[in-house]
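Enquirer: Pasting a structure below so you can have a look.
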Amino acid sequence: DWAERGFCARCGTHLFYHLLPANEYVLTLGLFQDQPFKLADEIFIDEKPAYYELRNETRKMTGQEVFDRFASGG
Numbered sequence: 001d002w003a004e005r006g007f008c009a010r011c012g013t014h015l016f017y018h019l020l021p022a023n024e025y026v027l028t029l030g031l032f033q034d035q036p037f038k039l040a041d042e043i044f045i046d047e048k049p050a051y052y053e054l055r056n057e058t059r060k061m062t063g064q065e066v067f068d069r070f071a072s073g074g
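With the working numbering, letter number 43 in the sequence shown gets 43, and the count goes up by one each step, no holes.
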């Protein structure tokens, strides 16, 4: 196992994704109200539907690049 997910015990909402090798938590953006977050990364870009494109410049990673990054603890 290299990751685990956390869910709300009351409603089942997805709360976080914990990457075990890096001890890094990825939190659901909807947990934070009215914060000025900027989208910086797109992951699994090779599986993105062709009918949309994000407006701002982001770092784009394929699924394999995502797995390679987190398998190395980075």
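Every residue, glycine too, gets a C-beta built ideally from N, C-alpha and C.
1) So, with DSSP's three-state summary, where would you put Asp-41?
2) Opposite Leu-27 in the DSSP bridges: which residues?
3) When DSSP labels each residue in this structure, what does Glu-4 get in the three-state scheme?
4) Would you say the beta carbon of Ala-22 is closer than 7 Å to some non-hydrogen atom of the ligand PLP?
Expert: In short:
1) Here the question's residue 41 lines up with position 41 in the sequence shown. Strand at Asp-41.
2) Residue numbering aside, residue 27 sits at position 27 when the sequence shown is read from its first letter. Answer is Phe-16.
3) Here residue 4 refers to the residue found at position 4 when the sequence shown is read from its first residue. Three-state DSSP puts Glu-4 in a strand.
4) Among the components of this structure there are no ligands whatsoever, and the ligand PLP is therefore not found.
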